[in-house]
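Residue numbers (the numbering used here): 35 to 468.
No residue lacks a Cβ here, since even glycine has one placed at the ideal position from N, Cα and C.
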Amino acid sequence: MPHDDAPTTRESDGPEDRPAGGDSTHPSGGAEQDGAQPGEDRPDREDRPDREDRPDREDRPDREDRPDREDEVAADESFVQRWFGSPARLVGRIIWLTITGLALYFVYPSLVKLFGQFDQLKEVAWWAFSIMFAFQAASFVCQWWLMKIAMVDVSWFTIGTSQLAANAMANAVPAGTAAGAALQQRMMIESGIDPTRSVTGVAAVTLISYATIFAFPVLALPALLFGAAVDPGLVHATILAALLFPLLYVAGWWLMRKDHPVEYIGRTLQRLINWFNRRFRPTHPPLDDLAERVVAQRNEIRSSLGSRWHRALAAAVGNWGFDFLALWVAVYAVGSRPRSALVLLAYVVAKVIAMFPITPGGIGLVEAGLTGMLTLAGVPATNAALATLAFRLVSYWLPMPAGVIAYFMHRHRVRAGRLDSAGEATTGSRGHDA
Numbered sequence: 035m036p037h038d039d040a041p042t043t044r045e046s047d048g049p050e051d052r053p054a055g056g057d058s059t060h061p062s063g064g065a066e067q068d069g070a071q072p073g074e075d076r077p078d079r080e081d082r083p084d085r086e087d088r089p090d091r092e093d094r095p096d097r098e099d100r101p102d103r104e105d106e107v108a109a110d111e112s113f114v115q116r117w118f119g120s121p122a123r124l125v126g127r128i129i130w131l132t133i134t135g136l137a138l139y140f141v142y143p144s145l146v147k148l149f150g151q152f153d154q155l156k157e158v159a160w161w162a163f164s165i166m167f168a169f170q171a172a173s174f175v176c177q178w179w180l181m182k183i184a185m186v187d188v189s190w191f192t193i194g195t196s197q198l199a200a201n202a203m204a205n206a207v208p209a210g211t212a213a214g215a216a217l218q219q220r221m222m223i224e225s226g227i228d229p230t231r232s233v234t235g236v237a238a239v240t241l242i243s244y245a246t247i248f249a250f251p252v253l254a255l256p257a258l259l260f261g262a263a264v265d266p267g268l269v270h271a272t273i274l275a276a277l278l279f280p281l282l283y284v285a286g287w288w289l290m291r292k293d294h295p296v297e298y299i300g301r302t303l304q305r306l307i308n309w310f311n312r313r314f315r316p317t318h319p320p321l322d323d324l325a326e327r328v329v330a331q332r333n334e335i336r337s338s339l340g341s342r343w344h345r346a347l348a349a350a351v352g353n354w355g356f357d358f359l360a361l362w363v364a365v366y367a368v369g370s371r372p373r374s375a376l377v378l379l380a381y382v383v384a385k386v387i388a389m390f391p392i393t394p395g396g397i398g399l400v401e402a403g404l405t406g407m408l409t410l411a412g413v414p415a416t417n418a419a420l421a422t423l424a425f426r427l428v429s430y431w432l433p434m435p436a437g438v439i440a441y442f443m444h445r446h447r448v449r450a451g452r453l454d455s456a457g458e459a460t461t462g463s464r465g466h467d468a
């Protein structure tokens with residue numbers, strides 16, 4: 035009977051008679067039915083050939099050789115990150131481009147009207163363009179001189195090419211000041227200049243230049259106090275520019291005397307340079323002590339510039355002064371004879387507008403602002419637009435191709451230097467082997 039045979043079968047079912055898999059109906063292989071304790075030896079489990087001979091899951095070729103979907107997604111994300119940056123940075127760029135588009139939209143009518151007079155530039159005498167070009171060249175040379183005073187050990191070639199290329203970059207993209215500064219730093223580093231030296235030198239030059247331009251309205255105070263009547267809009271703009279001068283003076287004193295803001299600037303530039311190296315020069319070692327080095331270099335410039343401050347001031351005044359003279363020649367060439375002090379006020383206001391480059395190089399905003407300021411200074415609207423167009427042609431458009439040429443001159447010199455270094459190293463190794 036089935037009921038009587040069941041106990042007999044269970045008692046005779048020992049380890050040697052039991053199948054290797056145990057009770058297939060229980061996940062533990064029948065250990066509970068046998069009454070085996072966890073600590074006892076179980077030869078039946080150790081000698082199971084079906085478990086021992088089965089290949090490991092991680093050694094299976096179909097799993098090992100199959101491409102990982104996560105790696106593909108990571109590669110796609112790396113591509114997006116490389117070209118568009120982080121999501122926050124991408125959103126920031128979109129917002130900034132939107133602001134730029136809105137700014138261009140609002141200045142578009144005046145911009146079209148201004149450039150509609152482009153064919154009238156032939157009415158400006160050739161000698162006027164020649165003098166304007168000479169004044170602009172002198173302005174750039176004065177800026178290079180100022181940088182040379184701040185960085186004595188840097189060659190004129192490196193200073194000139196890096197400044198021209200940085201100026202072209204800053205005028206070519208929206209909010210291009212940061213892009214131009216990064217390009218200038220990279221070119222100086224490629225020329226063998228210490229990053230700390232270049233950062234502090236450019237910062238000192240920028241500080242002195244801005245302090246000088248904001249001091250220019252003081253020269254026009256006699257026209258406001260004792261001269262002919264001046265439009266109230268020009269007076270208000272001049273007061274605003276004059277108020278920025280003491281603020282800039284306080285900021286300069288703070289940067290020259292306190293370490294914390296300089297360290298912050300150094301850390302920010304360090305992140306910018308390291309980001310650039312990771313993207314374009316992955317083999318270049320990252321910077322990690324730029325903030326401390328910038329503070330030390332600031333102290334050195336502060337002590338060394340003390341005996342050369344008069345030359346630095348003359349170079350800064352020459353930089354802005356020759357640029358202003360180019361505008362004055364443009365106004366004179368179109369047949370207007372306003373008071374020079376009022377043209378100076380209009381020039382300073384236009385430069386203040388250009389310091390907020392919502393559009394590339396302030397294009398559109400500077401033209402509209404300078405035309406309006408010249409009109410307030412007493413220049414007829416048609417003549418003001420034509421003078422602005424001639425001035426911007428010489429001061430904005432012509433330096434851009436010069437910056438491109440300067441960049442390629444720099445690249446050619448860097449490559450030639452690397453080839454010379456490689457040739458010297460090869461010659462030295464051959465001589466050593468001989």
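CA nearest to the CA of residue i, picked from the options
i: ALA249; options: ALA402, MET389 and ALA350; result: ALA350
i: ARG345; options: PRO295, TRP178, VAL146 and ASN205; result: TRP178
i: GLY194; options: ARG449, VAL438, ASN311 and ALA450; result: VAL438
i: VAL158; options: PRO372, ASN417 and TYR441; result: ASN417
i: ILE392; options: GLY352, ALA204 and ARG305; result: ALA204
i: ASN353; options: ILE299, LEU324 and SER173; result: SER173
i: SER243; options: LYS385, ARG327 and VAL188; result: LYS385
i: GLY369; options: ALA415, ALA168 and ALA215; result: ALA415
i: ARG231; options: PHE310, ALA206 and GLN331; result: GLN331
i: ARG301; options: GLY214, THR234 and ARG426; result: THR234
i: SER189; options: ALA402, LEU379 and GLY226; result: GLY226
i: TRP160; options: ALA436, PRO433, LEU432 and ALA424; result: ALA424
i: ARG327; options: PHE310, GLY398, GLY355 and TYR298; result: TYR298
i: LEU420; options: ILE129, ILE128 and ASP153; result: ASP153
i: LEU379; options: GLY355, ILE397 and MET221; result: GLY355
i: LEU155; options: MET434, ARG426 and MET443; result: ARG426
Test item: CB-CB of residue i and residue j under 8 Å
i: VAL329; j: ASP357; result: no
i: ALA200; j: GLN218; result: yes
i: VAL400; j: PRO251; result: no
i: THR422; j: LEU410; result: no
i: VAL365; j: GLN170; result: no
i: ARG336; j: MET290; result: yes
i: LEU180; j: ALA440; result: no
i: GLY406; j: TYR430; result: no
i: VAL207; j: ALA213; result: yes
i: GLU324; j: LEU339; result: A small fix is needed here, since residue 324 is Leu in this sequence, not Glu. Going by C-beta atoms, LEU324 is not nearer than 8 Å to LEU339.
Nearest-angstrom Cα separation, counted from residue j out to residue i
i: ARG315; j: LEU347; result: 38 Å
i: PHE191; j: ARG445; result: 12 Å
i: ARG447; j: THR132; result: 39 Å
i: PRO372; j: GLY412; result: 6 Å
i: ALA450; j: SER196; result: 17 Å
i: PHE167; j: MET389; result: 23 Å
i: VAL284; j: ILE247; result: 15 Å
i: LEU408; j: SER374; result: 11 Å
i: ASP228; j: THR240; result: 18 Å
i: GLU224; j: ALA367; result: 43 Å
i: CYS176; j: ASP187; result: 17 Å
i: ALA360; j: SER164; result: 10 Å
i: ARG305; j: ARG313; result: 12 Å
i: ALA402; j: PRO319; result: 46 Å
i: PRO295; j: GLY150; result: 46 Å
Whole-number beta carbon distance between residue j and residue i, since they are thought to touch under 8 Å
i: ALA184; j: ALA245; result: So it is not a contact: roughly 14 Å between Cβ atoms.
i: ALA162; j: VAL363; result: 6 Å
i: ASN308; j: LEU321; result: 6 Å
Cβ-heavy atom distance, residue i to the ligand PLP, below 7 Å
i: LEU339; result: The model on display carries no ligand, and the ligand PLP is accordingly not part of it.
Inset, instruction - Enumerate, from N- to C-terminal direction, the unbroken alpha helix (DSSP H) stretches of 4 or more residues contained entirely within the region 183 to 231. - result: 190 to 206 and 210 to 224
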